[in-house]
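First up is the structure itself, then whatever we jot down about it.
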Amino acid sequence: MTDEPVTSRRAFLAGTAAAGAGLVATAATAQTAPDPLITEVQPWASAFGDPVDATPYGMPIRFESHVVRRNVEWLTESPVSSINFTPIHALEGTITPQGCAFERHHSGAIELSKQDYRLMINGLVERELVFTWDDLMRFPRHIAIAFCECAANGGMEWGGAQLEGCQFTQGMIHNMEYTGVMLRDLLAEAGVKPEGKWVYVEGADASSNGRSIPMEKALDDVMVAFFANGEALRKEHGYPVRLVVPGWEGNMWVKWLRRIGVYDQAVESREETSKYTDLMPDGRARKWTWVMDAKSVITSPSPQAPIRHGKGPLVITGLAWSGHGKIARVDVSVDGGNTWVPARISGEVRPKALTRFHYDMNWDGQEMFIMSRAIDETGYVQPTKQALREIRGLNNVYHNNGIQVWWVRADGEVENVEIA
Ligand SMILES: Nc1nc2c(c(=O)[nH]1)N[C@H]1C(S)=C(S)[C@@H](COP(=O)(O)O)O[C@H]1N2
Ligand SMILES: [Mo]
Numbered sequence: 008m009t010d011e012p013v014t015s016r017r018a019f020l021a022g023t024a025a026a027g028a029g030l031v032a033t034a035a036t037a038q039t040a041p042d043p044l045i046t047e048v049q050p051w052a053s054a055f056g057d058p059v060d061a062t063p064y065g066m067p068i069r070f071e072s073h074v075v076r077r078n079v080e081w082l083t084e085s086p087v088s089s090i091n092f093t094p095i096h097a098l099e100g101t102i103t104p105q106g107c108a109f110e111r112h113h114s115g116a117i118e119l120s121k122q123d124y125r126l127m128i129n130g131l132v133e134r135e136l137v138f139t140w141d142d143l144m145r146f147p148r149h150i151a152i153a154f155c156e157c158a159a160n161g162g163m164e165w166g167g168a169q170l171e172g173c174q175f176t177q178g179m180i181h182n183m184e185y186t187g188v189m190l191r192d193l194l195a196e197a198g199v200k201p202e203g204k205w206v207y208v209e210g211a212d213a214s215s216n217g218r219s220i221p222m223e224k225a226l227d228d229v230m231v232a233f234f235a236n237g238e239a240l241r242k243e244h245g246y247p248v249r250l251v252v253p254g255w256e257g258n259m260w261v262k263w264l265r266r267i268g269v270y271d272q273a274v275e276s277r278e279e280t281s282k283y284t285d286l287m288p289d290g291r292a293r294k295w296t297w298v299m300d301a302k303s304v305i306t307s308p309s310p311q312a313p314i315r316h317g318k319g320p321l322v323i324t325g326l327a328w329s330g331h332g333k334i335a336r337v338d339v340s341v342d343g344g345n346t347w348v349p350a351r352i353s354g355e356v357r358p359k360a361l362t363r364f365h366y367d368m369n370w371d372g373q374e375m376f377i378m379s380r381a382i383d384e385t386g387y388v389q390p391t392k393q394a395l396r397e398i399r400g401l402n403n404v405y406h407n408n409g410i411q412v413w414w415v416r417a418d419g420e421v422e423n424v425e426i427a
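So, in structure tokens, the structure goes:
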């Protein structure tokens, strides 16, 4: 195995016994035999490490090589029109590194250079315009942190608990810091005519992934972005330019953005008529469900992140988000939803961005049913999956923001379950 550490994990834990107060001190392993990691000079202290430039573009250390995007092969027919999942069970904080942020392509990730890049604005505008990369670089730049969630996130769970791991049940989400120009500034340059009520945005890939966005949103917080987490967008996230549509379903975040058409009504694209509508029990469809409702998930412990240290202090960690604004509170239950306790919000709470919560507890080593529920600033409370099914039935794929339950067994292993 490539990620086998130099010394055993147990020895390492024993070696960490020293510092810390309160909870942490009780979590420390009692020292019995002399620990060579403390008493002996180790190989890494007796020789030089790598020189600078060993890896001009750095990669994670080999011990972390399991923290990668994964797909579920049976889910889609072909890997070019497919999806993979962010390893949220293994990440902390709120920012998703681009290298492990989920990908969703309808016709594969294309290679488009800055030199070949063109962005056209046409339709109901005073001046039809074509921007080059250099043109875009001359507009005022803005920064926004936003989550991008595919409307199908959790979609396989409508019928019941199915996939083992929050990477697979909730990992069609990422959260990055974008730098770009505001769409409203580009539209102002073109001059939107009074009849212009919608923009139709499409990408340069074969699928084009065209979507219509109402003018009100287009003029609000939509960004034409070219940097993510401080560096150029990766190819798979739309290099050199993608649309960022904070709070709205991932499908509208057009990658390899090539055209913005201004119209007096929504253009019915293939995307909208065949997909990204929610089929209801009575055969009707919910349409224009663009905003992602509040949701949360415990990322660890979870099926891919079982408890290995036994009873005692346990850190429960998870993510919460809402497309309607800020997260106001996250509640955690460790008894299957009978009692709820507010979790600690760690770090800053930003609108339409991932929020990290922690819940510190003393685990008695008995089985638990753990779950979280998000409450956003509008007062909306994340529903149970059952409550969602009662409204929308089982024919659905999209917008499943129901509460995720994990069954923590006494041996620390974790399973995806539902509580009747
Ligand atoms: N041009 C283009 N844009 C696209 C897509 C696509 O296939 N082509 N997929 C969409 C979908 S369904 C989602 S969920 C997001 C995913 O963005 P990501 O691949 O950066 O995670 O991109 C959207 N933008
Ligand atoms: Mo999507």
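Per this note's numbering, the sequence shown runs over residues 8 to 427.
C-beta: ideal position from N, C-alpha, C; glycine also.
| Check | Outcome |
| --- | --- |
| Val251 and Ala232 look like a contact to me (Cβ under 8 Å); what is the Cβ gap, rounded to whole Å? | 5 Å |
| Using beta-carbon positions only, say whether Phe109 and Gly178 come within less than 8 Å of one another. | yes |
| Using a Cβ-Cβ cutoff of less than 6 Å, which residues in the same chain neighbour Ala168 once the five nearest sequence positions on both sides are dropped? | Asn423, Val424 and Glu425 |
| With distances taken from CA atoms, which of Lys302, Arg125 and Asn345 is nearest Trp263? | Arg125 |
| In the DSSP output, which residue or residues are listed as bridge partners for Thr377? | Sequence check: residue 377 is Ile here, not Thr. Partner(s): Trp413. |
| Are Glu238 and Ala197 touching if we call contact CB-CB under 8 Å? | no |
| Let me confirm a value: Glu256 is counted as buried when at least 16 other C-beta atoms fall within 10 Å, else exposed. Which label applies? | buried |
| Could you tell me whether the region 310-321 touches the region 344-354, using the rule of 3 or more Cβ pairs below 8 Å? | no |
| Using alpha carbons as the reference points, say which of Arg416, Thr362 and Pro390 lies closest to Met375. | Arg416 |
| So, are the CB atoms of Met183 and Ala235 less than 8 Å apart? | yes |
| State yes or no: is the C-beta of Arg380 within less than 8 Å of the C-beta of Ser303? | yes |
| With DSSP collapsed to three states, give me the class of His112. | strand |
| Identify every run of the alpha helix (DSSP H) within the region 96-161, keeping only runs that are complete inside it and at least 4 residues long; order them along the chain. | 140-143 |
| Quick one: residues in its chain with C-beta nearer than 6 Å to the C-beta of Glu156, no 5 flanking neighbours on either side, listed in chain order? | Ile180, Gly257 and Met299 |
| Using only CA atoms, which one of Trp414, Gln393 and Asp418 lies nearest to Gly172? | Trp414 |
| For Pro358, which residues from the same chain have a beta carbon less than 6 Å from its beta carbon, with the 5 sequence-adjacent residues on both sides left out? | Gly332 and Lys333 |
| DSSP on Lys302, reduced to helix/strand/coil? | strand |
| May I have the straight-line CA-CA distance separating Thr362 from Ser53, to the nearest angstrom? | 42 Å |
| What distance in whole Å lies between the Cβ atoms of Trp140 and Asn403, which are believed to be in contact at a cut-off of 8 Å? | 40 Å between Cβ atoms; not a contact. |
| One question on the structure: do Arg265 and Met127 come within less than 8 Å of each other, judged by their Cβ atoms? | yes |
| Buried or exposed for Met378, going by 16 or more other Cβ atoms inside 10 Å? | buried |
| Quick check: the Cα distance between Trp295 and Pro221, rounded to an integer number of angstroms? | 10 Å |
| Consult DSSP for Ile398 and reduce its assignment to one of helix, strand or coil. | helix |
| Comparing C-alpha positions only, which one of Trp260, Ile323, Arg336 and Val188 sits nearest to Asp142? | Val188 |
| Per DSSP, Asn182 is paired with what? | Phe154 |
| Taking a cut-off of 6 Å, which residues have a beta-carbon closer than that to any heavy atom of ligand 2, in chain order? | Arg111, Cys157, Ala158, Ala159, Gly257 and Asn258 |
| So Ile45 is in the alpha helix (DSSP H); what residue range does that whole segment cover? | Pro43 to Thr46 |
| Alpha helix (DSSP H) containing Arg265: first to last residue? | Premise fails: Arg265 lies in the beta strand (DSSP E), Leu264 to Tyr270, not in any alpha helix (DSSP H). |
| What distance in whole Å lies between the Cβ atoms of Thr101 and Gly325, which are believed to be in contact at a cut-off of 8 Å? | Not confirmed; about 11 Å, so no contact. |
| Evaluate Arg218 with the Cβ neighbour count: other Cβ atoms within 10 Å of its Cβ, from every protein chain shown; 16 or more gives buried, anything less gives exposed. | buried |
| Given Phe146, which residues of its chain have a CB within under 6 Å of its CB, disregarding the five upstream and five downstream residues? | Val188 and Asp192 |
| I'd like to know whether the C-beta atoms of His244 and Gln122 end up nearer to each other than 8 Å. | no |
| Leaving aside the five residues before and after Ser120 along the sequence, list all residues of the same chain whose C-beta is less than 8 Å from its C-beta, in chain order. | Pro247 |
| Report, in whole angstroms, the separation of the C-beta atoms of Gly203 and Leu136, which I expect to be a contact under 8 Å. | So it is not a contact: roughly 14 Å between Cβ atoms. |
| If you measure between the beta carbons of Ile90 and Asp212, is that distance less than 8 Å? | no |
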